[in-house]
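Okay, so here's the structure we're looking at.
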Amino acid sequence: MTTRVEPRKLYLDHEFPRFYANTIGIKGLLSLKPNVAVLEPTGMNYTKIWVTKLIEAGVEVVLVGHKQLKKGDHG
Numbered sequence: 006m007t008t009r010v011e012p013r014k015l016y017l018d019h020e021f022p023r024f025y026a027n028t029i030g031i032k033g034l035l036s037l038k039p040n041v042a043v044l045e046p047t048g049m050n051y052t053k054i055w056v057t058k059l060i061e062a063g064v065e066v067v068l069v070g071h072k073q074l075k076k077g078d079h080g
């Protein structure tokens, strides 16, 4: 039997890495070697640098709007 994961508890108990839109942040994110990145495109100017650098590194990028997230309509 497996233990049920409680998403809220996991979120509150976990320390998530923080990456800023600069050279160090981009290198830090890419060091995780992602194969896909899901972004909520709040500001396209801000999102553009992440999308550009991720695609250049061969990472698949999926944009999910905040309305889709609220409805649970993301996949």
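Here the sequence shown stands for residues 6 to 80, where the numbers follow the working numbering.
We treat Cβ as the ideally placed atom computed from N, Cα and C, and that holds for glycine.
Inset, instruction - Please classify Leu34: is it buried, with 16 or more other beta-carbons within 10 angstroms of its beta-carbon, or exposed? - result: buried
Legend entry - Leu44 to Leu15 span [Cα, whole Å]: Distance between the alpha carbons of Leu44 and Leu15: 20 Å.
Inset, instruction - Helix, strand or coil for Leu68, going by three-state DSSP, please let me know. - result: strand
Legend entry - Euclidean distance between Cα positions of Arg23 and Thr57: 19 Å
Legend entry - Nearest candidate by alpha-carbon position, reference Gln73, set Lys32, Leu37, Pro46 and Ile31: Pro46
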